[in-house]
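*Asks:* Submitted below is the structure of interest, expressed as structure tokens.
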Amino acid sequence: MKILHLGFHNGLFNDLQYVSEQLGLNIQYLKFTDGCTKGGALYNISHKRARDAWIKFQNFYNQFDLIITSDTCPISRVFLQNEFKGKLIIWICNRFDYCDTSSNDCNFPDNEYYELLRNAKTNKNVKIFSYTKFEHTYAKIKNVDIGSKIIKPCGFISKLFQQNGLSFKNENKIPTTINKNEMYFVPPYHNDTIMINLSAILTKHKISNYCGKYGGPNDLVDFKGIIHIPYAWSNLSLFEAIQLGIIYFIPSLDFILELSRENEWKFFWSPPYKRNKLHESEWYCKENKNLFIYFSSWNDLKLKVNNIDYNVKKNYIKNFGINHNKQMLEKWKNAF
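Start counting the sequence shown at 960; every next residue gets the next number (our numbering).
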């Protein structure tokens, strides 16, 4: 079977490359293009852009028995609109109607696009999966039923990406002067640095930490853990961390809601922010609740970093990762 994976995200290219290696498949991955559009406008797949891409590349596309589209879903319009005869898997890894608003030159998303997605569910040649539960909820808000099937990232680095150094930038590696074994890592993301200065708060509570860029998940393994304020419904980096047994300390659901209220104009969540749906995110969903150390206040965090059994927690996370990987590979096998 000839399989093509189209998307924009190297991390998702890697995850499916890992799947292909484990299942003995040969998946070719390519960054999507219509052959002429540059920059963020390429995320906005209008009728014309989908038609132009199809006209330019249809002979190439038709060489494949199966095409997979991932980040982002609008790429699938090229195949839905132009009635691709092969099989299509749509792996929704962001809101299904994601657009780049700053370069939106075509009023995308349009009614025709929504109708194509509505009809896709009943197309025998099309399978739709999301990578987290909230994508289904969001689609229903837009009056689109994409079903309820979920395939999450496996979280491993593929052999191909390892061999070719395709995954992470070495220049971002954490300095060797940092004593990771005695410190916690704070990601350099919005809620950790702009909403609040998480590193300073931890230092005030005598929790030794380092905040800065890093060279991928393996660069974080030796830290005691990661202390983080989540900002998205799902993160690929979370699954990479799970497979390495990395411990996450994150605010409890009540505490993150408290932080969001106290910092209303600075708090960020990958839109749309639906506070009553945070339990559908990977950080707060029922099936993942034992992966994390939740803290209900800064004092509670101080108690927990001093009192948890780190070896027991790491072993639990690694075992969770083993079972998770088996389940996701089985789902992909059935999808193919």
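Positions of the beta carbon are idealized from the N, C-alpha and C atoms, including for glycine. All values derive from a computational prediction rather than experimental measurement.
Please identify the residue among GLN981, LYS1118, THR1081, TYR1072 whose C-alpha is closest to the C-alpha of ARG1010.
*Replies:* The sequence position of residue 1010 within the sequence shown is 51, counting from 1. Per the Cα distances, TYR1072.
*Asks:* How long is the line joining the alpha carbons of TRP1013 and LYS1086, rounded to whole angstroms?
*Replies:* Within the sequence shown, residue 1013 is the residue found at index 54, counting from 1. Within the sequence shown, residue 1086 is the residue found at index 127, counting from 1. Distance between the alpha carbons of TRP1013 and LYS1086: 20 Å.
*Asks:* So which of GLY1045, CYS1244, SER1062, ALA1079 has the shortest CA-CA distance to PHE1055?
*Replies:* Counting from 1 along the sequence shown, the entry for residue 1055 is found at position 96. Ranking the options by Cα distance to PHE1055, first place goes to ALA1079.
*Asks:* Extract the residue ranges of the alpha helix (DSSP H) inside the segment 1162-1212, only unbroken runs of 4 or more that lie entirely within it.
*Replies:* 1195-1202, all fully within the segment 1162-1212.
*Asks:* Is it buried or exposed for MET960, if we count other Cβ within 10 angstroms and need 16 for buried?
*Replies:* Stepping through the sequence shown from its first residue, residue 960 is reached at position 1. When all chains shown are included, MET960 counts as exposed.
*Asks:* Could you tell me whether the segment 1031-1039 touches the segment 970-983, using the rule of 3 or more Cβ pairs below 8 Å?
*Replies:* They do not touch, by the three-pair rule.
*Asks:* Please classify ALA1159 as buried or exposed, where buried requires at least 16 other C-beta atoms within 10 Å of its C-beta.
*Replies:* On the sequence shown, residue 1159 is found 200 positions in, with the first residue counted as 1. Classification of ALA1159: exposed, given that the 10 Å Cβ count is below 16.
*Asks:* What does DSSP give as the partner residue(s) for GLN1286 in the beta ladder?
*Replies:* As a working note, residue 1286 is residue 327 in the sequence shown. Paired residue(s): none; GLN1286 is not in a bridge.
*Asks:* Could you give the residue range of the alpha helix (DSSP H) that holds TRP1257?
*Replies:* To locate residue 1257, count along the sequence shown from 1; it is residue 298. Start and end: 1257-1266.
*Asks:* Suppose only complete runs of 3+ residues qualify. What are the beta strand (DSSP E) ranges in the segment 1003-1075, listed by chain order?
*Replies:* The qualifying runs are 1025-1028, 1046-1051.
*Asks:* Between the C-alpha atoms of ILE1155 and ILE1026, what's the straight-line distance to the nearest angstrom?
*Replies:* To locate residue 1155, count along the sequence shown from 1; it is residue 196. To locate residue 1026, count along the sequence shown from 1; it is residue 67. If you take the alpha carbons of ILE1155 and ILE1026, they lie about 43 Å apart.
*Asks:* Measure from the C-beta of TYR1207 to each C-beta in chain B and report whether the shortest distance is under 8 Å.
*Replies:* The chain labelled as chain B is not found in the depicted structure, where only one protein chain is given.
*Asks:* Under a Cβ-count criterion, where at least 16 other Cβ atoms within 10 Å of its own Cβ denotes burial, should TRP1050 be classed as buried or exposed?
*Replies:* Counted from its first residue, the sequence shown places residue 1050 at position 91. Classification for TRP1050: buried.
*Asks:* Would you report the Cα separation of CYS1170 and HIS1164, rounded to the nearest angstrom?
*Replies:* Residue numbering aside, residue 1170 sits at position 211 when the sequence shown is read from its first letter. Residue numbering aside, residue 1164 sits at position 205 when the sequence shown is read from its first letter. Taking the straight line joining both Cα atoms gives about 16 Å.
*Asks:* In its own chain, which residues sit with a C-beta less than 6 Å from the C-beta of ASN1258, not counting the 5 before and 5 after it?
*Replies:* On the sequence shown, residue 1258 is found 299 positions in, with the first residue counted as 1. For ASN1258, where only same-chain residues beyond five positions count, there are no Cβ hits under 6 Å.
*Asks:* Let me know the secondary structure DSSP gives TYR1253 once reduced to three states.
*Replies:* As a first step, residue 1253 must be located in the sequence shown, where it is residue number 294. Three-state DSSP puts TYR1253 in a strand.
*Asks:* On the three-state DSSP scale, how would you describe LEU963?
*Replies:* Here residue 963 is taken as the residue at index 4 of the sequence shown, counted from 1. Strand at LEU963.
*Asks:* From LYS1310 to VAL978, what does the alpha carbon distance come to, in whole angstroms?
*Replies:* What the structure shows of the chain is the stretch from 960 to 1295, and residue 1310 is not part of that stretch, so it cannot be assessed.
*Asks:* Using a 10 Å radius around the Cβ and a threshold of 16 neighbouring Cβ atoms, would you call LYS1111 buried or exposed?
*Replies:* Start at 1 with the first residue of the sequence shown, and residue 1111 comes out as number 152. The residue in question, LYS1111, is buried, as its Cβ has 16 or more Cβ neighbours within 10 Å.
*Asks:* Quickly, what does DSSP pair LEU989 with across the bridge? List them, please.
*Replies:* What you label residue 989 is simply residue 30 of the sequence shown in a count that begins at 1. In the DSSP output, where bridge partners are listed per residue, LEU989 has LEU965.
*Asks:* Go ahead and pull the three-state DSSP assignment for LYS1225.
*Replies:* Along the sequence shown, one-based indexing puts residue 1225 at 266. LYS1225: coil per DSSP, three-state reduction.
*Asks:* Give every residue of the same chain whose Cβ lies closer than 6 Å to the Cβ of LYS1263, excluding the five residues on either side of it in the sequence, and list them in chain order.
*Replies:* Walking along the sequence shown from the start, residue 1263 turns up at place 304. Here the set comprises ILE1252, PHE1254.
*Asks:* Can you give me the Cβ contacts of ILE1215 inside the same chain, cut-off strictly under 6 Å, excluding the 5 residues immediately before and after it?
*Replies:* Taking the sequence shown and counting its residues from 1, one reaches residue 1215 at position 256. Within the same chain, ILE1215 has no close Cβ partners at all.
*Asks:* Excluding the 5 residues flanking LYS1007 on each side, which residues of the same chain have their C-beta closer than 8 Å to its C-beta?
*Replies:* Working through the sequence shown from its first residue, we reach residue 1007 at position 48. For LYS1007, where only same-chain residues beyond five positions count, the Cβ hits under 8 Å are CYS1065.
*Asks:* Under the rule that 16 or more other beta-carbon atoms within 10 Å means buried, what is GLN1286, buried or exposed?
*Replies:* Taking the sequence shown and counting its residues from 1, one reaches residue 1286 at position 327. Looking at its Cβ environment, which holds fewer than 16 other Cβ atoms inside 10 Å, GLN1286 is exposed.
*Asks:* Within this structure, are the beta carbons of ILE962 and PHE1023 separated by less than 8 Å?
*Replies:* Taking the sequence shown and counting its residues from 1, one reaches residue 962 at position 3. Taking the sequence shown and counting its residues from 1, one reaches residue 1023 at position 64. Taking 8 Å as the Cβ cut-off, ILE962 and PHE1023 qualify as a contacting pair.
*Asks:* Using DSSP with H/G/I as helix, E/B as strand and the rest coil, what is SER1240?
*Replies:* Looking up residue 1240 in the sequence shown gives position 281. SER1240: coil per DSSP, three-state reduction.
*Asks:* Note down the Cα distance separating LYS1083 from ASN1150, rounded to an integer number of angstroms.
*Replies:* As a working note, residue 1083 is residue 124 in the sequence shown. As a working note, residue 1150 is residue 191 in the sequence shown. Distance between the alpha carbons of LYS1083 and ASN1150: 42 Å.
*Asks:* Bridge partners of SER1107, per DSSP?
*Replies:* Taking the sequence shown and counting its residues from 1, one reaches residue 1107 at position 148. Answer is none; SER1107 lacks a bridge partner.
*Asks:* Assign LYS1183 to one of two classes, buried (16 or more other C-beta atoms within 10 Å of its C-beta) or exposed (fewer than that).
*Replies:* Residue 1183 sits at position 224 when you count from the first residue of the sequence shown. When all chains shown are included, LYS1183 counts as buried.
*Asks:* Could you say which of ILE1153, ILE1276, SER1256 lies nearest to GLU1246 if we only look at CA atoms?
*Replies:* For the purposes of this step, residue 1246 is taken as residue 287 along the sequence shown, with counting starting at 1. Of the candidates ILE1153, ILE1276, SER1256, the one whose C-alpha sits nearest the C-alpha of GLU1246 is ILE1276.
*Asks:* Just mark ILE1004 as buried or exposed, buried being the case when its beta carbon has 16 or more other beta carbons within 10 Å.
*Replies:* As a working note, residue 1004 is residue 45 in the sequence shown. With 16 or more other Cβ atoms within 10 Å, it is buried.
*Asks:* Bridge partners of VAL1085, per DSSP?
*Replies:* Along the sequence shown, one-based indexing puts residue 1085 at 126. In DSSP, VAL1085 forms a bridge with LEU1047.
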